[in-house]
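Chains as they are written, first to last, in full-length UniProt numbering: chain V, 1 to 187; chain Y, 1 to 228.
Quick reminder that beta carbons are idealized off the backbone N, C-alpha and C, glycines included.
Read the structure below first, then the notes.
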Ligand SMILES: [Zn+2]
Ligand SMILES: [Zn+2]
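As C-alpha cells, this is what we get:
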C-alpha cells in the first residue's frame with residue numbers, strides 16, 4: 001500500500017463511498033494511510049498522551065469502516081466528517097476517564113435535511129474555509145488553533161498569552177471574519 | 001419561532017472543537033436543534049476542524065496498526081449476522097421511553113430526552129429549579145429554571161459564562177428580549193437583570209461555565225442544586 005500522491009477531498013469522499021457500498025478494503029487502506037497518522041498527530045496536539053492518541057486514532061478509523069454508510073457528502077467533506085468522529089471519540093474518552101461507568105452514548109447530533117443544493121454549498125463551504133484559513137495572520141491562526149486544541153475559554157487563553165481578553169477576542173473575530181463572507185451567504 | 005439571540009462565535013467554535021464543557025454544550029445542542037442559522041455556522045467551524053486535521057503533519061502509527069485494524073474488522077464482520085441492513089440515523093437513536101414533558105405539558109427539548117430531570121424545587125423570588133443530569137457526565141452543572149410571570153430577578157454578575165436557552169415564555173434584560181429558541185450568553189464581566197414577561201412562566205435551561213466557586217445571585221440560586 002504505497003501512498004501515491006495526496007488524495008483530494010473528492011477522492012477521499014469517493015473512497016468512503018466505496019467502503020460503504022462495496023466494503024472495499026483497498027479504498028479503506030488508502031483512507032487509513034492518509035487519515036490515521038494525521039489523526040494520531042491531531043489527537044496528540046489536543047493534549048492526549050501518545051499511546052492514547054494512537055488508540056483513539058485507531059478507534060476513529062474503525063468507526064470510519066463501520067459508519068461509512070452514514071457519511072453524507074451533502075453535510076460535510078470527508079476530512080470534516082472524520083474530524084467530527086475523532087472529536088466525539090475524544091470527548092467520550094475524556095468522560096470515561098472521569099466516570100468509569102459511561103456507556104456507548106452517541107453525542108447529540110443535529111439532523112439536517114440535505115438536498116442537491118446543500119451538496120454544492122457544502123463543497124463550496126469546505127473550499128472557502130480552506131482558502132480563508134490560508135489568509136490568516138500568524139496571530140489569528142494561533143488563537144484559532146488554541147480554540148481547537150485547548151479546552152480553555154478565551155479569557156484563560158488571554159491570561160496565558162499575557163494579552164488583554166479584548167485582544168484575543170478581536171483576533172478570533174478577525175480570523176472568523178475571514179469566514180464571515182461564506183457564513184453570511186447562508187443566513 | 002423567530003430566533004433573535006444566537007450562540008457566540010467563541011462558543012460555537014469551542015463546541016465544534018469538542019472543547020466546551022458538557023453542561024454548556026448541551027445548552028448549545030438545544031439551541032442548535034431549532035436554529036438552522038447556528039447549524040450552518042457550526043458546519044463552517046467543523047470544516048475548520050477538517051482543514052486543521054488535513055493540515056496536521058502526520059505522526060506515524062505503529063507498524064502493525066493497519067494489520068490490527070483489518071483484524072478488528074474481520075472479527076466484527078464475522079460476528080455480524082449476514083446482511084443486516086444498517087439502521088437509518090433516526091432509528092439508531094430510537095428513544096427507550098415516552099418523551100418527557102415539563103409541567104404544563106411543555107415538551108422537553110429533544111436533546112435533553114436522555115437526561116434525568118430532577119424534582120422541581122421552590123428556591124424563592126418566584127423561581128423554581130430542577131437539576132438536569134447528563135448520562136455522560138453526572139458532574140455537569142445544568143439547571144432548568146421556571147420563573148413566574150412578571151418576576152424580576154436581582155441584578156447580578158457571573159463568575160463564568162452563563163448560557164441560558166429559553167424553552168418557553170420570555171424574559172428581557174438590558175441586552176434585549178429573549179423568547180423561545182433564544183440563547184443568552186452572559187460573560188463574566190457582564191451584569192444583567194432578567195425580568196420575565198407578564199404573559200406566563202418562563203422556562204429556561206441554564207448552565208454555568210467555570211469552577212465551583214460560584215457567587216453572585218445566579219450562583220447562590222444554583223449552588224444548592226448543582227451539589228446534589
Ligand atoms: Zn442560533
Ligand atoms: Zn445571569
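Contact list for the stretch 32-61 of chain Y against chain V, Cβ threshold 7 Å = Taking 7 Å as the Cβ-Cβ cut-off, the stretch 32-61 of chain Y approaches chain V at 32, 33, 37, 39, 40, 41, 43, 44, 46, 47, 48, 49, 50, 51, 52, 53, 54, 56, 57, 58, 59, 60 and 61, given in chain order.
Could you name the residues of the stretch 142-170 of chain V whose beta carbon sits closer than 9 Å to any beta carbon of chain C, in the order they occur along the chain?
-> Of the protein chains in the structure, V and Y, none is chain C.
Which of the three DSSP states, helix, strand or coil, is assigned to residue 105 of chain V?
-> Because the pLDDT of residue 105 of chain V is 49, which lies under 50, any placement of that residue in the model is unreliable, and the question is left without a value.
Residue 143 of chain V, enclosing alpha helix (DSSP H) - first and last residue | Annotation: the continuous alpha helix (DSSP H) that includes residue 143 of chain V extends over 138-149.
Proximal residues, the stretch 81-99 of chain V versus chain Y, C-beta separation under 8 Å = Here the close residues are 81, 82, 83, 84, 86, 87, 88, 90, 91, 92, 95, 98 and 99.
Leaving aside the five residues before and after residue 64 of chain Y along the sequence, list all residues of the same chain whose C-beta is less than 7 Å from its C-beta, in chain order.
-> So no residue of the chain qualifies.
So which residues put a beta carbon under 6 Å from any heavy atom of ligand 1, going in chain order?
-> Those residues that have a beta carbon less than 6 Å away from any non-hydrogen atom of ligand 1 are, in order along the chain, Y/3, Y/6, Y/7, Y/31, Y/35, Y/37 and Y/38.
CA-to-CA distance, residue 198 of chain Y to residue 205 of chain Y, given in whole angstroms = Roughly 19 Å between the two C-alpha positions.
In whole angstroms, what separates the C-alpha of residue 77 of chain Y from that of residue 34 of chain V?
-> Using only the alpha carbons, I get a separation of about 23 Å.
Would you say residue 214 of chain Y faces chain V, with C-beta separation under 9 Å as the test?
-> Low confidence applies to residue 214 of chain Y: its pLDDT is 44, below 50, so where it sits in the model is not reliable, and the reading given next is rough at best. Not one chain V Cβ lies under 9 Å of residue 214 of chain Y.
At least one CB of chain V closer than 9 Å to the CB of residue 117 of chain Y: is that the case?
-> Nearest CB-CB separation between residue 117 of chain Y and chain V: not below the 9 Å threshold.
Would you list the one or two residues that DSSP bridges to residue 230 of chain Y?
-> Since the first residue shown for chain Y is 1 and the last is 228, residue 230 of chain Y is missing from the structure and cannot be characterised.
Where residue 140 of chain V meets chain Y, residues with beta-carbon distance less than 8 Å | Chain Y residues near residue 140 of chain V: none, gap ~12 Å exceeds 8 Å.
Interface partners of residue 11 of chain V on chain Y, CB under 8 Å | Ordered by position in chain Y, no residue passes the 8 Å Cβ test against residue 11 of chain V, which lies about 12 Å from the chain.
So, helix, strand or coil for residue 50 of chain V, using DSSP?
-> The answer is helix: DSSP assigns residue 50 of chain V an H, G or I state.
Any heavy atom of ligand 2 within a distance shorter than 8 Å of the CB on residue 126 of chain V?
-> Residue 126 of chain V: no, Cβ never under 8 Å from ligand 2.
Note down, in chain order, each residue of its chain lying with its Cβ closer than 8 Å to the Cβ of residue 149 of chain V, except the 5 sequence neighbours on either side.
-> Spatial neighbours of residue 149 of chain V in its own chain (CB-CB distance under 8 Å, excluding positions within 5 residues in sequence) are listed in chain order as 45, 46 and 47.
Which term fits residue 54 of chain V, buried or exposed, when burial requires 16 or more other beta carbons within 10 angstroms of its beta carbon?
-> Around the beta carbon of residue 54 of chain V, a 10 Å sphere encloses 16 or more other beta carbons of the protein chains shown; the residue is thus reported as buried.
Leaving out five residues before and five after residue 5 of chain V in sequence, what residues of the same chain have Cβ atoms less than 6 Å from its Cβ?
-> So no residue of the chain qualifies.
Ignoring anything shorter than 4 residues or poking outside the stretch 3-80 of chain V, list the alpha helix (DSSP H) runs there in chain order.
-> List check, alpha helix (DSSP H) in window: 9-22, 25-45 and 50-67.
Ignore the nearest five residues each way along the sequence and tell me which others in residue 136 of chain Y's own chain have a CB closer than 7 Å to its CB.
-> Correct list, in chain order: 22.
Endpoints, alpha helix (DSSP H) assigned at residue 50 of chain Y = Counting along the chain, the alpha helix (DSSP H) containing residue 50 of chain Y begins and ends at 36-55.
Take residue 155 of chain V and list the residues in its own chain whose beta-carbon comes closer than 7 Å to its own, dropping the five residues that flank it on each side.
-> Scanning its chain for C-beta atoms nearer than 7 Å, with the 5 sequence neighbours on each side dropped, one finds around residue 155 of chain V the residues 165, in chain order.
Cβ pair residue 102 of chain Y, residue 144 of chain Y closer than 9 Å = A contact, by the Cβ cut-off of 9 Å.
At a Cβ threshold of 9 Å, is residue 9 of chain Y touching chain V?
-> With its beta carbon less than 9 Å from one in chain V, residue 9 of chain Y belongs to the interface.
If you measure from the CB of residue 162 of chain Y, is any heavy atom of ligand 2 nearer than 8 Å?
-> Indeed, a heavy atom of ligand 2 lies less than 8 Å from the Cβ.
Can you give me the start and stop residues for the alpha helix (DSSP H) that residue 66 of chain Y sits inside?
-> For residue 66 of chain Y, the enclosing alpha helix (DSSP H) stretches over residues 65-79.
Do residue 192 of chain Y and ligand 2 come close, with the Cβ less than 8 Å from some heavy atom?
-> The answer is yes for residue 192 of chain Y.
Which value, in whole angstroms, describes the spacing of the CA atoms of residue 79 of chain Y and residue 22 of chain V?
-> Each residue's CA atom was taken as its position, placing residue 79 of chain Y and residue 22 of chain V some 18 Å apart.
On the DSSP bridge assignment, give the partners of residue 197 of chain Y in chain order.
-> Paired residues: none, contrary to the question.
Using a Cβ-Cβ distance under 9 Å, would residue 37 of chain V count as near chain Y?
-> Closer than 9 Å to some Cβ of chain Y, the Cβ of residue 37 of chain V qualifies, so yes.
By the criterion of Cβ-Cβ separation under 9 Å, what are the contact partners of residue 62 of chain V in chain Y?
-> Close to residue 62 of chain V, with beta-carbon spacing below 9 Å, are these residues of chain Y in chain order: 69, 72, 73 and 76.
Could you check how far apart the C-beta atoms of residue 202 of chain Y and residue 175 of chain Y are, in whole angstroms? I think they sit under 8 Å.
-> Residue 202 of chain Y to residue 175 of chain Y, Cβ: 16 Å. No contact.
Is residue 152 of chain V helix, strand or coil when you go by DSSP?
-> Per DSSP, reduced to three states, the secondary structure at residue 152 of chain V is coil, with no helix or strand assignment.
Which chain Y residues are close to residue 29 of chain V, counting only those with a beta carbon under 9 Å from its beta carbon?
-> Those are 66 and 70, listed as they occur along chain Y.
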